[in-house]
Amino acid sequence: MIGEQTPLPASDDHGAPLLPVQEAMEGTQSTVSFTMKSILTLQNFYVLLGPFFTLVICLFVKLEPPSSQKMLGVAAWVFTWWITQAVPLPVTSLCPLFLFPIFGIASADSVAHSYMNDLVTLILGSFILALAVERYNVHRRLALNVTLLFCTDPLNPALLLLGLCATIFLVSMWMLNVPTAVMMMSVVMGMLQRLPPMEEQSEEMRKFCKAVVLTVVYATPIGGMSTLTGTGVNLIISGMWNLFPEGKAISFNTWFFFGFPAALLILICFWCIICLLYLPKGTSPALSSYLGKVHLRRDLQDLGPTTFAEKMVMSISGLLIILWMTRRITDDIPGWGVLFHGLVGDGSVSVMVAVLLFIIPNMKREGEKLMSWNDCKKLPWNLVLLFGAGFAIADGVQSSGLADFLSGILNCLQDIPYIAIVPAVCVISSIITEFITSNAATVTLLVPLLYQIAITMHVHPLMLIIPGGIATEFAFWLPTSTPSNALGIASGHIEIKDMFKVGVPLKVAGIVVLSLLMPSLGTIVFGINNDTQKLILMKENSWLAAN
Numbered sequence: 111m112i113g114e115q116t117p118l119p120a121s122d123d124h125g126a127p128l129l130p131v132q133e134a135m136e137g138t139q140s141t142v143s144f145t146m147k148s149i150l151t152l153q154n155f156y157v158l159l160g161p162f163f164t165l166v167i168c169l170f171v172k173l174e175p176p177s178s179q180k181m182l183g184v185a186a187w188v189f190t191w192w193i194t195q196a197v198p199l200p201v202t203s204l205c206p207l208f209l210f211p212i213f214g215i216a217s218a219d220s221v222a223h224s225y226m227n228d229l230v231t232l233i234l235g236s237f238i239l240a241l242a243v244e245r246y247n248v249h250r251r252l253a254l255n256v257t258l259l260f261c262t263d264p265l266n267p268a269l270l271l272l273g274l275c276a277t278i279f280l281v282s283m284w285m286l287n288v289p290t291a292v293m294m295m296s297v298v299m300g301m302l303q304r305l306p307p308m309e310e311q312s313e314e315m316r317k318f319c320k321a322v323v324l325t326v327v328y329a330t331p332i333g334g335m336s337t338l339t340g341t342g343v344n345l346i347i348s349g350m351w352n353l354f355p356e357g358k359a360i361s362f363n364t365w366f367f368f369g370f371p372a373a374l375l376i377l378i379c380f381w382c383i384i385c386l387l388y389l390p391k392g393t394s395p396a397l398s399s400y401l402g403k404v405h406l407r408r409d410l411q412d413l414g415p416t417t418f419a420e421k422m423v424m425s426i427s428g429l430l431i432i433l434w435m436t437r438r439i440t441d442d443i444p445g446w447g448v449l450f451h452g453l454v455g456d457g458s459v460s461v462m463v464a465v466l467l468f469i470i471p472n473m474k475r476e477g478e479k480l481m482s483w484n485d486c487k488k489l490p491w492n493l494v495l496l497f498g499a500g501f502a503i504a505d506g507v508q509s510s511g512l513a514d515f516l517s518g519i520l521n522c523l524q525d526i527p528y529i530a531i532v533p534a535v536c537v538i539s540s541i542i543t544e545f546i547t548s549n550a551a552t553v554t555l556l557v558p559l560l561y562q563i564a565i566t567m568h569v570h571p572l573m574l575i576i577p578g579g580i581a582t583e584f585a586f587w588l589p590t591s592t593p594s595n596a597l598g599i600a601s602g603h604i605e606i607k608d609m610f611k612v613g614v615p616l617k618v619a620g621i622v623v624l625s626l627l628m629p630s631l632g633t634i635v636f637g638i639n640n641d642t643q644k645l646i647l648m649k650e651n652s653w654l655a656a657n
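See below:
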């Protein structure tokens with residue numbers, strides 16, 4: 111058998127060969143064969159596939175300006191490695207740091223800045239708070255209480271998932287997606303700790319764990335769609351609409367009356383999909399021994415009374431939520447951020463609150479604070495690199511001119527009937543967010559274009575802008591598309607194939623919901639009717655002619 115050797119007696123002669131010469135000669139062919147097999151692997155093929163795509167694009171795809179061609183090649187390289195996992199995801203995330211300068215897309219300094227911006231500091235502060243929640247078992251206490259609230263006797267896994275969906279959905283309505291995903295992932299991981307280790311779990315248990323993690327991954331962005339402040343995309347849509355002629359400001363209530371029903375319908379679709387795919391028969395008996403009410407109450411009692419440290423961590427978490435919610439509420443209600451002339455960002459608040467954890471004592475040992483730097487060694491720097499690479503690619507797409515090329519592709523949609531244009535716009539915007547750039551960058555690119563297409567088609571611009579903009583949040587396939595996706599992969603319970611299995615039907619369901627609600631509920635909520643539409647179109651056409 112290749113690689114097997116007969117054990118040799120130890121020798122005191124240090125000059126003697128370790129193996130007999132004859133055996134070494136006989137094993138040469140096996141060694142060469144083994145080396146060739148180790149080289150000619152599928153993994154190494156994937157490694158070469160990324161640079162190969164880049165070479166093909168640079169040689170045969172002609173784009174103007176040339177920098178957009180190079181950016182497309184670099185994006186193909188990075189996304190190929192991300193999708194195939196040719197090398198570890200964090201290692202792939204480092205590639206823009208040398209690919210951008212080599213291909214002349216951006217300088218080394220400018221691309222490095224993408225790896226540490228306000229959103230990255232927001233992520234770091236959120237993770238530090240999540241570590242504090244984990245250190246003092248706050249997440250476990252929350253998980254047990256949430257589980258008890260929706261735990262029936264006998265256990266109904268579908269109802270439990272519905273309760274988790276509702277909880278995450280409501281939190282995400284008022285918080286940004288990143289901190290919501292971080293905090294709720296801590297909660298559900300605490301709940302899953304009740305189950306046996308992964309290697310000892312049955313198939314039903316493994317599928318339930320996948321379902322719980324996927325609930326955090328997808329319920330988070332779905333909840334953010336429902337309010338104007340739920341995600342930055344909604345605010346970008348509202349802010350850019352105000353720049354257009356006759357563009358009436360979209361108030362908080364106006365967005366809520368459309369966004370909440372749409373998000374609720376998508377959430378129900380997700381719950382149905384996750385139950386069908388990951389809750390087979392026999393799930394309830396398999397989980398009852400670990401998630402029954404008796405066991406959960408006993409575990410809650412074992413935690414003892416709430417300590418000072420737990421109360422402080424929960425208070426700091428609540429303070430952070432309030433500061434995030436009130437920094438900028440709407441255009442009419444600017445929030446406390448106006449006191450600092452808009453210089454303070456969500457990342458500033460996140461880091462400020464995280465610093466408090468290193469100042470406030472935990473009242474357990476003299477001089478000991480709620481957090482120490484040793485506790486921060488568990489910070490997931492691999493995810494930070496992942497986010498940084500995504501931001502770098504988003505900046506590269508804009509600065510290289512590749513965004514203009516994508517806009518040119520979308521211009522072909524202007525002759526398509528409205529009943530077909532809305533699904534087409536939703537599909538394209540969601541695909542761009544999935545594979546090319548961030549949802550914020552995508553919606554910034556698409557809103558002016560959709561406005562022009564709507565004018566050409568003689569429909570109210572919001573009829574395309576609202577569904578096309580919201581669809582940029584349907585990034586459900588890849589771990590690099592959104593932070594919540596990356597957190598799901600980092601949990602170790604799901605793989606990319608699980609995201610595709612749920613993400614494909616969920617994306618279709620979301621597009622169908624937007625396509626049906628916008629021409630019905632949307633026309634009522636946003637005040638779109640034939641008379642006002644004609645008036646607005648006349649004024650907009652005259653404005654366009656004048657400019």
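Each residue of the sequence shown is one higher than the last, beginning at 111 in our numbering.
A virtual CB, placed ideally from N, CA and C, is assigned to each residue, including glycine.
Requested in this report: For the stretch 405–416 and the stretch 450–468, state whether three or more C-beta atom pairs, one from each stretch, are separated by less than 8 Å.
Outcome: Here the stretch 405–416 makes no contact with the stretch 450–468; the two share fewer than three CB pairs at distances below 8 Å.
Query raised in the report: For P471, which beta-bridge partners are listed by DSSP?
Result: As a beta-bridge residue in DSSP terms, P471 pairs with K479.
Requested in this report: Give the straight-line distance between the Cα atoms of A511 and I215, rounded to the nearest whole angstrom.
Outcome: The amino acid occupying residue 511 in the given sequence is Gly; Ala does not appear at that position. Taking the straight line joining both Cα atoms gives about 10 Å.
Requested in this report: Report back the beta-carbon spacing between Q179 and C168 to the nearest angstrom; my notes put them in contact at under 8 Å.
Outcome: So it is a contact: roughly 6 Å between Cβ atoms.
Report task. Please determine if the stretch 231–251 and the stretch 187–200 are in contact, where contact requires at least 3 C-beta pairs separated by less than 8 Å. Result -> Short answer: they don't touch.
Query raised in the report: For the alpha helix (DSSP H) that I167 lies in, which residues bound it at each end?
Result: In the DSSP annotation of this structure, the continuous segment of the alpha helix (DSSP H) that includes I167 starts and ends at L152 to F170.
Query - Cβ pair T194, Y156 closer than 8 Å - result: Between T194 and Y156, the C-beta spacing is below 8 Å.
Query raised in the report: Span of the alpha helix (DSSP H) holding M422?
Result: F418 to R437 is the extent of the alpha helix (DSSP H) around M422.
Query raised in the report: What whole-angstrom Cβ distance do M424 and I470 have, given they're in contact under 8 Å?
Result: The C-beta distance from M424 to I470 rounds to 13 Å, too long to fall under 8 Å, and the pair is not in contact.
Query - Cβ neighbours of I541 in the same chain (closer than 8 Å, five flanking residues each side left out) - result: No residues qualify anywhere along the chain.
Requested in this report: Just the C-alpha distance for L574 and T552, rounded to the nearest angstrom, thanks.
Outcome: In a straight line, the C-alpha of L574 is about 14 Å away from that of T552.
Query raised in the report: Going by C-alpha distance, which of P289, N227 and M301 is nearest N255?
Result: Checked all of P289, N227 and M301; the closest Cα to N255 is M301.
**Report entry** Straight-line gap, P331 to F279 (C-alpha atoms, nearest Å)
**Finding:** Take the alpha-carbon of P331 and the one of F279: they are about 8 Å apart.
Query raised in the report: Okay, do the stretch 382–390 and the stretch 590–599 touch, 3+ Cβ pairs below 8 Å being the bar?
Result: Proximity of the stretch 382–390 to the stretch 590–599 falls short of the contact definition, fewer than three beta-carbon pairs being nearer than 8 Å.
Query - Short Cβ contact (8 Å threshold) for R245 with D485 - result: Closer than 8 Å, so yes.
Report task. Determine the extent of the alpha helix (DSSP H) in which V459 is found, giving its start and end residues. Result -> For V459, the enclosing alpha helix (DSSP H) has its first and last residue at D456 to L466.
Requested in this report: Return the CA-CA distance between L324 and W483, expressed in angstroms with no decimal places.
Outcome: Taking the straight line from one Cα to the other gives about 31 Å.
Requested in this report: Quick one: residues in its chain with C-beta nearer than 6 Å to the C-beta of D263, no 5 flanking neighbours on either side, listed in chain order?
Outcome: Answer for D263: K403, listed in chain order.
Query raised in the report: Can you tell which of T190, A222, F213 and S217 has the C-alpha that lies nearest to the C-alpha of L204?
Result: Per the C-alpha coordinates, the member of T190, A222, F213 and S217 positioned closest to L204 is A222.
Report task. Below 8 Å on the Cβ atoms is my guess for F208 versus L631; work out the distance and round it to an integer in Å. Result -> Not a contact, Cβ separation roughly 49 Å.
Query raised in the report: Ends of the alpha helix (DSSP H) at P331?
Result: Judged by DSSP secondary structure, P331 falls within the alpha helix (DSSP H) whose first and last residues are E313 to G334.
Query - Nearest residue (CA-CA) to S625, options L375, G455 and T393 - result: Residue L375 holds the alpha-carbon nearest to the alpha-carbon of S625 among L375, G455 and T393.
Query raised in the report: How do the stretch 576–592 and the stretch 613–621 stand: do at least 3 beta-carbon pairs fall below 8 Å, yes or no?
Result: Touching, yes, given that three or more Cβ pairs across the two stretches are closer than 8 Å.
Query raised in the report: Assuming L480 and A530 make a contact with CB atoms under 8 Å, what is their CB distance in whole Å?
Result: With a Cβ gap of about 56 Å, L480 and A530 do not count as contacting.
Query - Cα-Cα separation, P490 to S601 - result: One alpha carbon belongs to P490, the other to S601, and they sit about 11 Å apart.
Report task. Just mark G340 as buried or exposed, buried being the case when its beta carbon has 16 or more other beta carbons within 10 Å. Result -> Here G340 is buried, its C-beta having at least 16 other C-beta atoms within 10 Å.
Query - Contacting residues, own chain, Cβ-Cβ under 6 Å from S336 (five flanking each side not counted) - result: Excluding positions up to five away in sequence, the list reads M283, G369, F370 and A373.
Report task. Quick one: measure Cβ to Cβ for A564 and P571, integer angstroms, because I've assumed they're closer than 8 Å. Result -> Confirmed, about 4 Å.
Requested in this report: Answer yes or no: do A242 and M293 have a C-beta to C-beta separation smaller than 8 Å?
Outcome: For A242 and M293, no; Cβs fall outside 8 Å.
**Report entry** For K617, the three-state DSSP class (helix, strand or coil)
**Finding:** In the structure shown, K617 sits in a helix (DSSP, three-state: H, G or I).
Query raised in the report: Where does M567 fall in DSSP's three states?
Result: DSSP places M567 in helix when its eight states are reduced to three.
Query raised in the report: Smallest Cα separation from T164: which of I149, V184, K172 and T145?
Result: Cα-wise, what sits closest to T164 is V184.
Query - From V461, S399 and G452, residue whose alpha carbon lies closest to that of L429 - result: Considering only V461, S399 and G452, the residue with the shortest C-alpha distance to L429 is V461.
Requested in this report: Flag this pair as yes or no: are the beta carbons of S287 and P593 separated by less than 8 Å?
Outcome: Inspection of the sequence shows that residue 287 is occupied by Asn rather than by Ser. Taking 8 Å as the Cβ cut-off, N287 and P593 qualify as a contacting pair.
Query raised in the report: Thinking just about the alpha-carbon of each residue, which of L158, A499, M181 and N549 is nearest to the one in I212?
Result: When each option's Cα is compared against that of I212, the closest is M181.
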